[in-house]
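Residue numbers (our numbering), protein chains in the order written: chain A, 1 to 137; chain B, 138 to 530.
We put the CB at the ideal spot given by N, CA and C, even for glycine.
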Ligand SMILES: [Zn+2]
């Protein structure tokens with residue numbers, strides 16, 4: 001029996017800039033022109049001040065592991081990959097995003113470890129941001 | 138926030154007159170609407186109140202096809218309400234419904250509210266975390282990374298709690314062990330065979346640090362609650378159960394947007410509910426705390442104020458939550474051992490009312506005068522708290 005396809009993002013007018021930048025190897029998020037805070041995920045209005053002045057800016061791609069879990073019982077499309085680490089990454093710019101940690105030896109993983117982004121092609125159109133340990137770079 | 142005296146007035150006008158479960162367990166022969174209806178009939182019988190008196194309906198299920206649950210359930214039961222609500226904030230919706238019913242009744246919109254839940258999550262294959270619209274934030278920015286939902290979200294919280302406070306997997310296991318001991322005294326519980334901390338530790342790893350026995354059951358079932366005026370409840374078949382305190386909130390939908398992974402919505406609703414009741418956590422005789430996962434309980438107990446933040450692990454040690462322990466909790470076996478048909482919130486209220494009425498037989502907690510129900514919904518997204526009393530406040 002074939003496994004179902006993995007869920008892939010379908011870019012729309014709100015998120016296309018993020019996925020376009022990811023395809024070019026850049027991590028971009030929104031930044032509010034009114035209150036100067038970085039915003040992720042992409043929105044029409046700033047969740048802090050309701051301004052519509054949200055501009056796309058490239059960020060450092062560096063951050064820390066905020067938390068992680070090693071998945072043993074996966075959703076159907078991911079069953080061939082267990083165990084794999086899924087993490088919440090806190091970027092240096094202050095926003096948090098879910099991603100994968102690309103490490104061979106999972107026992108090394110600790111909350112707070114510095115990480116940096118890289119991109120993995122998931123389809124012809126979509127590259128996903130994933131993170132590796134800075135100490136591996 | 139509204140002043141205490143103002144918020145008091147609406148709670149003091151209502152009482153819970155009837156509670157019931159439908160059949161629970163594995164029920165491939167039943168539909169979700171039948172489970173709503175069976176629970177509703179039993180709860181009205183429990184109250185001795187006729188269906189013709191019901192003029193408020195608050196319903197929620199887990200089936201994908203039912204887009205307007207209160208309308209569907211009301212049609213099925215032949216109810217024509219003056220107040221209708223299908224607020225959908227996950228497993229704690231039912232604690233919120235009691236507060237909404239109290240507001241509606243005290244405002245004169247209706248007199249008798251019927252709260253119902255039904256789910257064939259196990260046999261009917263209702264699905265959480267799948268088949269969502271592809272433009273949703275969770276589908277674009279969470280789903281591609283393969284986090285199993287809901288367990289993965291709670292695992293992230295557990296990992297961070299262990300990191301910050303030194304909480305151990307054995308301490309989490311204590312919660313599962315206690316739940317099973319209570320379930321052994323509930324003839325309707327799905328799992329009744331006692332387990333040890335070692336059994337929990339050796340159960341299948343799902344998403345670190347959470348193992349099979351840290352996770353709630355997946356069953357079919359339903360429940361219902363009748364809320365009415367104090368005057369009507371006094372003429373009902375059973376003694377009224379009074380609403381002392383209540384609160385509801387939510388903070389995020391996706392776990393990526395949770396403000397702080399180890400602080401749940403209970404940190405808001407707990408203090409508000411206790412303030413509205415005019416009591417302290419130490420006044421609670423028996424607690425019903427949503428146990429979707431063991432970590433849900435541990436963090437809720439901290440946030441509700443039963444212990445300090447970070448002390449939850451030590452608090453639950455030594456069988457404190459188990460029969461005979463200092464802190465009787467989830468006395469029917471909880472979502473971990475009794476039943477968990479997608480959402481569990483209604484069952485917290487059913488057991489709380491039965492404990493206050495002294496109907497719990499072997500598992501009855503002596504001198505149960507004040508009880509707390511705390512529900513948690515979604516990915517630690519929402520919380521709603523009730524404080525119920527055997528006497529009026
Ligand atoms: Zn702003």
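The C-beta of residue 72 (chain A) comes closer than 9 Å to at least one C-beta of chain B. Looking at B:305, B:395, B:426 and B:177, the one whose alpha-carbon comes closest to that of residue 210 (chain B) is B:177.
In the structure shown, residue 38 (chain A) falls within a strand segment according to DSSP collapsed to helix, strand and coil.
Taking C-alpha positions only, residue 280 (chain B) is separated from residue 286 (chain B) by approximately 9 Å. The contact set of residue 68 (chain A) on chain B, defined by CB atoms closer than 8 Å, consists of 293 and 296 in chain order. Residue pairing by DSSP places residue 194 (chain B) opposite B:221 and B:251 in a beta bridge. Looking at the DSSP output, residue 375 (chain B) shares a beta bridge with no other residue. Counting the other Cβ atoms within 10 Å of the Cβ of residue 28 (chain A) gives 16 or more, which makes it buried. Taking the beta carbon of residue 78 (chain A) as reference, the chain B residues within 7 Å of it are 283, listed in sequence order. In terms of CA proximity to residue 220 (chain B), B:364 leads the group B:364, B:261, B:165 and B:167. The Cβ-Cβ distance between residue 191 (chain B) and residue 216 (chain B) falls below 9 Å.
At least one heavy atom of ligand 1 falls within 8 Å of the beta-carbon of residue 37 (chain A). Per DSSP, residue 236 (chain B) is one residue of the alpha helix (DSSP H) stretching across 230-243.
At a cut-off of 8 Å, the beta-carbon of residue 395 (chain B) does not count as near ligand 1: no heavy atom of the ligand is closer than that. Taking 9 Å as the cut-off, the Cβ atoms of residue 151 (chain B) and residue 230 (chain B) do not count as close. Not one heavy atom of ligand 1 falls within 8 Å of the beta-carbon of residue 176 (chain B).
If you draw a straight line from the Cα of residue 46 (chain A) to the Cα of residue 467 (chain B), it comes to about 41 Å. The beta carbon of residue 223 (chain B) lies closer than 7 Å to those of 196, 197, 205, 206 and 207 in the same chain, with the five residues before and after it left out. Of the candidates A:48, A:76 and A:96, the residue whose Cα lies closest to the Cα of residue 66 (chain A) is A:96. Per DSSP, the continuous alpha helix (DSSP H) segment holding residue 18 (chain A) begins and ends at 16-23. Distance between residue 411 (chain B) and residue 524 (chain B), taken at the CA atoms: about 7 Å. When B:278, B:358, B:262 and B:435 are compared, the shortest CA-CA separation from residue 164 (chain B) is found for B:358. Within the DSSP secondary-structure output, residue 126 (chain A) pairs in no beta bridge. Counting along the chain, no alpha helix (DSSP H) covers residue 258 (chain B), and no H or E run does either. The beta carbon of residue 237 (chain B) sits closer than 6 Å to the beta carbons of 222 from its chain, once the five residues preceding and following it are set aside; these are given in chain order. Distance from the C-beta of residue 41 (chain A) to the nearest heavy atom of ligand 1 is not below 8 Å. In the three-state reduction of the DSSP assignment, residue 425 (chain B) falls in the strand class, which pools E and B.
Exclusion of residue 302 (chain B) from the 8 Å shell around ligand 1 follows from its C-beta lying no nearer than that to any non-hydrogen atom of the ligand.
Chain A places a beta carbon closer than 9 Å to that of residue 393 (chain B), counting this residue as a contact. Residue 288 (chain B) is a Cβ neighbour of residue 343 (chain B), given a cutoff of 9 Å. Between residue 24 (chain A) and residue 129 (chain A), the CB-CB gap reaches or exceeds 9 Å.
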